[in-house]
Structures are given as structure tokens and as C-alpha cells.
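Visitor: One structure, as C-alpha cells, below. Some questions next.
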Amino acid sequence: MTLTFYTNPMSRGRIARWMLEEVGAPYETVVLDYASSMKGAAYLAVNPMGKVPAIVHDGRVVTEGAAICAYLAEAFPEAGLAPTADERADYYRWLFYAAGPVEAAVTNRSLGVVPTDDQQRMVGYGSFDTMLDTLEAAVSAHPFIAGDRFTAADVYVGSQVMWGQMFGSMPKRDAFLAYGARLAEREAYTRAAAIDDALIAKPA
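Take the sequence shown: its letter number 45 is residue 45 in UniProt numbering, and every next letter is one higher.
Now the structure itself:
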């Protein structure tokens, strides 16, 4: 088994790093820089988008943070991060909600894009406030996004929520802060953050 992880410590690669640490399987890290190697021919052969993260598991490429979380949960079932039958509906619903409406709404808002009332019918998230209210209700319903236990969906949804609180792209609502605090207690989260923070601090 070979597992290679392509990332930059100041990117969404931190989501995949957290998931890899939760899984506990050995992996090789390839750190790319935005100016050259991320757009170089070697990496474009892995991900033609020239974006991170990406993983290559036994020759198979997976990109996109949510897909990487779901894939690793299934590829390493012993970690217990894939959903049970009872968790499956909420697991997939909120995993893809975070990757779709949440990501789009936060990105558009950061770019100063505010859909008009008519345009809200076209965009998947409707309005930023509707997206937030829906997300708040989701993280308030149970201790974790799919129920009473932590799953791979929490890695992705939780990253969106925690970054939103950290960088001010989401308002600091009590439900978001409480959810993020629960996730920050994960040993794998702390371990992954330490690895990426050390890479950031490392002299070029």
C-alpha cells in the first residue's frame, strides 16, 4: 500500500491532513508551493487543476477535500469514521452541504458577490444568511454532524466552521463555537495542526 499526500500547509490541505491523522495509516507528504511546483508538470499530471489537496492511494488519485475525507473513511474502515446505516443520511447530506452551499456562499461573500433576490433562485445556497441558519441548525442537532459520534463528515464540516470562526468569514454563533471546541479536542486534529504549523514555521 502506498499513500502520497500533496499539500501546502497554508491551504485546504489541512483538512486532508487532519483526516489522514484520524485514519492513522502511514503516508508520504509532498509539500508544494503556489508559485512553481503546484503548477508544474509533475503535479498537473496528478491534478490538472493545480490545486491541493490531492492524495494518490495505490495509484488512484483523489482530489477535493470532501471526497478525500469520504474516500479515506471507506478505504480504512478500521478507523471507524465511515457512517453506520443510521448515520448515512445526515453524513452525506451535511458533508456535501459543506462542500457545496457553504463553500460557495463563503467564497462569494469574500469576493463581494451578493446575489439579488432573483439571483438567489439560481445559486445553490440561496442567501448567505439562509446558508448560515441551516448550518447552525445542523451542528446543533447532535454532538456531531451525523449523530452522537465523530465521523469523517465532521472533519470537513468542522473545518469549514472552525475556519469561518477563525478568519471571520462566519459570525461567531454559540453553536458554531461549541461544535468547533468539541472537534478541537481530537488528538488527530491537534497532531495534524502541529505538523502543518511546523511546516509553515520552517525556513524556506
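Note that the Cβ used here is the ideal one computed from N, Cα and C, for glycine as well.
I need the boundaries of the alpha helix (DSSP H) containing Thr151, first residue and last residue.
Guide: In the sequence shown, counting from the first residue as 1, residue 151 sits at position 151. Element bounds for Thr151: n/a, residue is neither H nor E.
Visitor: Examine the Cβ distances between the stretch 46 to 54 and the stretch 141 to 152 and report whether three or more of them are shorter than 8 Å.
Guide: no
Visitor: Identify, in the order they occur along the chain, each residue of the same chain with its Cβ nearer than 8 Å to the Cβ of Thr190, setting aside the five sequence neighbours on each side.
Guide: Looking up residue 190 in the sequence shown gives position 190. Beyond the five residues adjoining it in sequence on each side, Thr190 comes within less than 8 Å, by CB distance, of Ala184 in the same chain, given in chain order.
Visitor: Taking the alpha-carbon positions, what's the Tyr6 to Gln120 distance?
Guide: Locating residue 6 in the sequence shown gives position 6, counting from the first residue. Locating residue 120 in the sequence shown gives position 120, counting from the first residue. Cα to Cα, the separation comes out at about 36 Å.
Visitor: List in chain order: all unbroken alpha helix (DSSP H) runs of 4+ residues lying wholly within the stretch 153 to 190.
Guide: Segments of the alpha helix (DSSP H) lying fully in the stretch 153 to 190: 174 to 184.
Visitor: Do you know offhand how far Phe76's Cα is from Ser140's?
Guide: Start at 1 with the first residue of the sequence shown, and residue 76 comes out as number 76. Start at 1 with the first residue of the sequence shown, and residue 140 comes out as number 140. So the alpha carbons of these two residues sit roughly 28 Å apart.
Visitor: Using the Cβ count rule (16 or more neighbours within 10 Å means buried), how would you classify Ser110?
Guide: The count along the sequence shown starts at 1 and reaches residue 110 at position 110. Per the 10 Å Cβ criterion, exposed.
Visitor: Looking at the structure shown, is Tyr92 part of a helix, part of a strand, or coil, going by DSSP?
Guide: Within the sequence shown, numbered from 1, the residue matching residue 92 stands at position 92. Here Tyr92 sits in helix by DSSP.
Visitor: Would you kindly work out how many angstroms separate the C-alpha atoms of Ala194 and Asp118, rounded to a whole number?
Guide: Working through the sequence shown from its first residue, we reach residue 194 at position 194. Working through the sequence shown from its first residue, we reach residue 118 at position 118. Spanning the two alpha carbons is a distance of roughly 45 Å.
Visitor: Leaving aside the five residues before and after Asp148 along the sequence, list all residues of the same chain whose C-beta is less than 8 Å from its C-beta, in chain order.
Guide: On the sequence shown, position 148 is the one that residue 148 refers to. Only His142 meet the Cβ criterion.
Visitor: Using three-state DSSP, classify Val12 as helix, strand or coil.
Guide: By 1-based counting over the sequence shown, the position of residue 12 is 12. Going by the sequence as given, residue 12 is Arg instead of Val. Reduced to three states, the DSSP call for Arg12 is coil.
Visitor: Who does Arg121 pair with in a DSSP beta bridge?
Guide: Looking up residue 121 in the sequence shown gives position 121. Note: Arg121 sits in no beta bridge, so no partner.
Visitor: Thinking just about the alpha-carbon of each residue, which of Ala175, Ser159, Thr29 is nearest to the one in Glu103?
Guide: To locate residue 103, count along the sequence shown from 1; it is residue 103. Considering only alpha carbons, the answer is Ser159.
Visitor: Could you spell out the range, first to last residue, of the alpha helix (DSSP H) harbouring Ile68?
Guide: Start at 1 with the first residue of the sequence shown, and residue 68 comes out as number 68. Here the alpha helix (DSSP H) through Ile68 covers 65 to 75.
Visitor: Can you tell me which of the three DSSP states Ile145 falls into?
Guide: Counted from its first residue, the sequence shown places residue 145 at position 145. It is coil, neither helix nor strand.
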